[in-house]
Structure formats: structure tokens, C-alpha cells
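Okay, so the sequence shown: first residue is 40 according to this note's numbering, each after it adds one.
For reference, the structure is listed below as C-alpha cells.
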Amino acid sequence: METNQRQSSFLREGNTLEIHLPIVFNTMEVSKDWNRFLDHLKKDLPRNISIHANDLKEADSSGISFLKLVRLECESRKIQFTLFGLDEKFQYRLNITNDDSKKYKEQLADALRKSEQIGKLTIDSLLEFKYLVTFTGELTVSFWRSFLHPSKIRWKDSFRVAESMGVNAFPIIAMIGFLLGLIMSFQSAIPMRRFGAEIFVANLVGLSLFRELGPLMTAFILSGRSGSAFAAELGTMKVSEEIDALTTMGLPPVQFLIIPRLVASLIVTPLLTIVFNLFGLIGGAVVLVSFGFPLVTFVNQVNIAVGLSDILGGLLKSYFFGMIIASIGCYRGLKTASGAGAVGESTTSAVVGSIILVSILDGIFSVLYFYLRI
């Protein structure tokens with residue numbers, strides 16, 4: 040069949056509608072052909088629609104959109120759609136307008152050679168490492184400069200963050216500490232009761248809280264509560280270009296935004312650890328008192344089992360845990376990309392990264408304390 044080179048031709052044969060595209064398919068032709076296409080659908084709905092693009096040499100975005108809309112219309116009406124003879128350059132433009140982004144990403148990933156993927160991953164890792172080293176160095180210099188000159192610290196912002204991070208977190212820290220002490224005491228008292236050793240539950244609870252669980256659980260809670268808040272706050276500022284505005288005005292973001300949060304975290308985390316330990320002991324005491332032991336016996340056992348080195352060792356851990364939580368939260372906030380979901384991704388990575396690094400550092404402290412016999 041010969042087609043008109045200047046305009047599209049529509050041929051209906053039974054249940055099949057054939058559309059032959061012209062050499063040039065632009066906005067003017069598309070508007071006419073779309074109305075003709077809809078008229079054919081209204082008259083008698085075909086079962087098969089085929090578009091022949093063998094003669095197509097030039098097409099603008101409206102021509103590509105026509106192909107996409109015809110395909111979508113066929114899918115919605117359950118009509119078999121076939122496209123013949125489309126040039127590769129037009130096929131590529133049609134693919135990038137495809138609504139199935141997941142399928143397109145899979146095709147794009149398959150198109151990349153393994154060497155390209157490895158190279159891209161290597162470059163991204165090196166850039167991430169470079170940014171991390173730069174951030175760590177700038178944060179270290181700013182922190183020691185603030186330590187030597189406390190007047191440079193924005194204490195008003197630090198106290199505001201400390202209130203949000205510490206005072207407002209007091210109820211949840213106290214509740215989880217109490218429940219952990221209660222559960223740990225009850226679960227350990229049941230097997231110890233068979234040997235008449237319930238009194239040593241106080242030793243177990245005291246050592247576990249002060250040396251390990253108190254600092255670790257407090258850090259986990261603050262990672263999810265405060266670390267995510269730091270990442271969300273700075274991430275929102277990054278997306279709205281407020282951080283760029285600070286840099287333009289000559290105000291370093293690290294000194295202006297991160298140091299107050301770091302100082303607040305270093306102050307609050309050890310204090311919340313003490314609160315967690317205290318309420319954990321109260322929970323353990325409740326269990327032993329319910330088993331018939333006097334409260335003074337529980338206190339004496341804790342005094343015997345827990346030494347000053349255990350208390351200070353746990354507080355030293357919490358100090359470094361607080362530093363990690365604030366640093367990772369602020370780092371992820373500053374690394375926030377543009378886009379609607381960027382802040383959420385930064386928040387998630389801040390929480391996960393903080394928990395992982397806190398766990399690793401806790402393991403390092405455990406090995407260090409073992410060899411130092413602390």
C-alpha cells in the first residue's frame with residue numbers, strides 16, 4: 040500500500056486499524072491525527088491497532104507523545120498494539136518517556152558494561168571518602184578551636200538543642216531503662232532461683248547496665264531520636280539552600296550549625312546514660328523486692344559488684360557515642376541531595392550509620408577494657 044508522504048493515513052480492515060505515519064510528524068499533524076484516532080475508537084472499537092513508521096524521518100516531542108498516548112489508550116482499552124519500522128533515534132526518545140521507570144532503569148543498567156559499573160562505584164566511593172575526610176578535618180579543627188575559645192560557641196543554640204535532645208528525651212529514656220532493668224532481672228531471676236542465687240541478680244543488673252547496656256541503649260535511642268532530627272534539620276536547610284546562604288555570608292556551616300549540636304550531644308548523652316542506669320536499677324530492685332528481698336540487700340549487692348571503674352568506663356563510652364551520633368547526623372544532613380525524598384534518605388542513613396558505628400565502637404571498647412583489665 041502506498042501512503043501519502045505529507046499526512047498520516049488510516050486504514051481499517053476488519054478488526055484491525057493501521058496508521059501509516061508521514062515523513063514529517065509535527066504538532067500540526069499530531070493534533071489532526073489524534074482526533075481521527077479517537078473518532079475511529081468511537082465508531083467501532085478495533086481489536087488490533089498497528090502504527091507503521093517506516094517513512095518517518097522527522098518528529099518533534101508531540102509526535103513521540105502521540106505514539107505514547109496511542110499505546111496507553113490501547114492498554115487501557117485492552118487493544119493489541121504494534122509498532123513497526125520506528126527508527127532507533129525515535130525509539131530511544133519513546134523509551135525515555137516510558138512510565139515504567141523501573142523497567143527503563145533495568146534496561147539502562149543492563150546496557151552498562153561491568154567495567155563501567157565498577158568504575159562508577161569506585162569514583163562514587165572515592166568522592167564519598169574525600170567528602171568524609173574533609174568534613175572530619177573541618178569538624179576537628181572547629182571543635183578544638185571552640186574548646187580553646189569557648190566564647191566562640193553559640194551557647195544559646197547548644198542549650199536549645201540540649202533541651203530538645205535531653206530534657207524532652209527524659210521520659211522515654213527513663214521508661215525504657217526501667218523496663219529493661221525489670222525484664223532483665225525477672226528473666227535472670229527465674230533460672231537463678233533454682234540454685235537459690237536470686238540475690239546475684241543485683242550483681243548482674245548492675246554490671247550490665249553500667250558497663251554495657253546503659254551507654255549502648257541510650258546511644259541507640261538517641262540515634263533514632265536526635266541523630267535523625269539533626270539529619271532532617273540540616274537536610275531541609277540544604278534543600279532550601281539556607282546552608283549555601285550561610286556560606287555566601289561568610290558564616291562557616293560547621294562552626295555555625297554543627298558545633299552547637301555536637302557540644303549539646305557531648306553534654307547530654309552521659310547525663311541520659313546516668314538516668315538510664317538509675318531507672319534500670321529501680322526496675323531490678325522492684326523484681327527483687329517482689330521476691331522477698333529487702334531493698335538494702337539489693338543496694339549492698341550493687342555496691343559490691345559495681346566499682347568506680349565500671350561507672351566511669353560506661354560514661355566514657357557514652358561520651359564517644361554522643362560524638363558519633365551528632366557527627367553522623369550532621370554529616371548526612373549536609374550530604375542531602377535535592378529532591379522530595381532526599382531528606383528521608385538522609386535521615387534513614389543517619390540512623391543506620393550511627394547504630395552501626397556505635398556498635399563497632401562498643402566492641403572496640405570491650406576489647407580495650409579487657410586488655411586493660413578494667
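Beta carbons: idealized from backbone N, C-alpha and C, even for Gly.
{"Item": "Terminal residues of the continuous alpha helix (DSSP H) containing Thr-287?", "Value": "281–287"}
{"Item": "Between Asn-54 and Asp-83, what straight-line distance do the alpha-carbon atoms span, to the nearest angstrom?", "Value": "9 Å"}
{"Item": "Would you list the residues sitting across from Arg-51 in a DSSP beta bridge?", "Value": "Leu-56"}
{"Item": "Looking only at C-alpha atoms, which of Ile-363, Glu-384, Gly-368 and Ile-413 sits nearest to Ile-399?", "Value": "Ile-363"}
{"Item": "Which residue wins for smallest C-alpha separation from Lys-96, given the options Arg-199, Glu-280 and Val-63?", "Value": "Val-63"}
{"Item": "With contact counted as at least three CB pairs below 8 Å, one residue from each stretch, are the stretch 396–410 and the stretch 289–307 in contact?", "Value": "no"}
{"Item": "Closest to Ala-236 by C-alpha separation, out of Gly-176, Arg-193, Ser-262 and Phe-330, would be which residue?", "Value": "Phe-330"}
{"Item": "DSSP state of Thr-121, grouped into three classes?", "Value": "strand"}
{"Item": "Determine the burial state of His-188: buried for a count of at least 16 other Cβ atoms within 10 Å of its Cβ, exposed for fewer.", "Value": "exposed"}
{"Item": "Run through DSSP, which three-state label would Phe-129 get?", "Value": "helix"}
{"Item": "Under DSSP, the beta strand (DSSP E) around Ser-224 begins and ends at which residues?", "Value": "Note, Ser-224: premise wrong, no beta strand (DSSP E); alpha helix (DSSP H) at 209–232."}
{"Item": "Given a cut-off of 8 Å, decide if Gly-319 and Gly-392 are closer than it, judged by their beta-carbon atoms.", "Value": "no"}
{"Item": "With Ile-88 as the anchor, note down where its beta strand (DSSP E) starts and where it stops.", "Value": "87–91"}
{"Item": "Apart from the five residues on each side of it in sequence, which residues of its chain come closer than 6 Å, Cβ to Cβ, to Met-40?", "Value": "Since pLDDT at Met-40 reaches only 43, below the 50 mark, its modelled position is unreliable, and the value read off the structure follows with that caveat. So no residue of the chain qualifies."}
{"Item": "For the putative contact between Arg-132 and Phe-120, defined by C-beta atoms under 8 Å, what is the C-beta separation to the nearest angstrom?", "Value": "Contact flag wrong, Cβ pair sits at about 18 Å."}
{"Item": "DSSP three-state call for Glu-41: helix, strand or coil?", "Value": "Here the model assigns Glu-41 a pLDDT of 44, short of 50, so the residue's position is not dependable, and the following value carries that caveat. Looking at Glu-41 - three-state DSSP - the assignment turns out to be coil, as it is neither helix nor strand."}
{"Item": "Alpha carbon to alpha carbon, what distance is there between Leu-171 and Thr-375?", "Value": "14 Å"}
{"Item": "Are Ile-58 and Ile-90 close, meaning C-beta to C-beta below 8 Å?", "Value": "yes"}
{"Item": "Report back the beta-carbon spacing between Ser-466 and Thr-386 to the nearest angstrom; my notes put them in contact at under 8 Å.", "Value": "Outside the displayed range of the chain (40 to 413) lies residue 466, so it cannot be described from this structure."}
{"Item": "Just the Cα atoms here: how many angstroms apart are Ile-215 and Met-223?", "Value": "12 Å"}
{"Item": "Do the stretch 326–340 and the stretch 278–287 meet, that is, are 3 or more Cβ pairs less than 8 Å apart?", "Value": "no"}
{"Item": "Taking the C-alpha atoms as reference points, what is the distance between Thr-42 and Leu-125?", "Value": "Caution is warranted here: a pLDDT of 46 is assigned to Thr-42, below 50, making its placement in the model unreliable, and no coordinate value can be reported."}
{"Item": "Quick check: the stretch 188–203 against the stretch 298–316, are at least 3 beta-carbon pairs closer than 8 Å?", "Value": "yes"}
{"Item": "Taking the continuous alpha helix (DSSP H) assigned at His-79, which residues delimit it?", "Value": "66–82"}
{"Item": "Which residue comes first and which comes last in the alpha helix (DSSP H) that contains Met-256?", "Value": "253–261"}
{"Item": "Cutting at 6 Å between CB atoms, please list the residues of its own chain near Lys-191, excluding the five before and the five after it.", "Value": "Ser-185"}
{"Item": "Taking C-alpha atoms, which residue in Leu-106, Val-200 and Ala-92 lies nearest to Val-69?", "Value": "Leu-106"}
{"Item": "What do you get for Met-204, buried or exposed, if any count of 16 or more other CB atoms within 10 angstroms of its CB means buried?", "Value": "buried"}
{"Item": "Kindly indicate which three-state DSSP category Val-63 falls into: helix, strand or coil?", "Value": "strand"}
{"Item": "Spatial neighbours of Leu-248 within its chain, please: CB distance less than 6 Å, with the 5 preceding and 5 following residues excluded, ordered by chain position.", "Value": "Asn-316 and Gly-319"}
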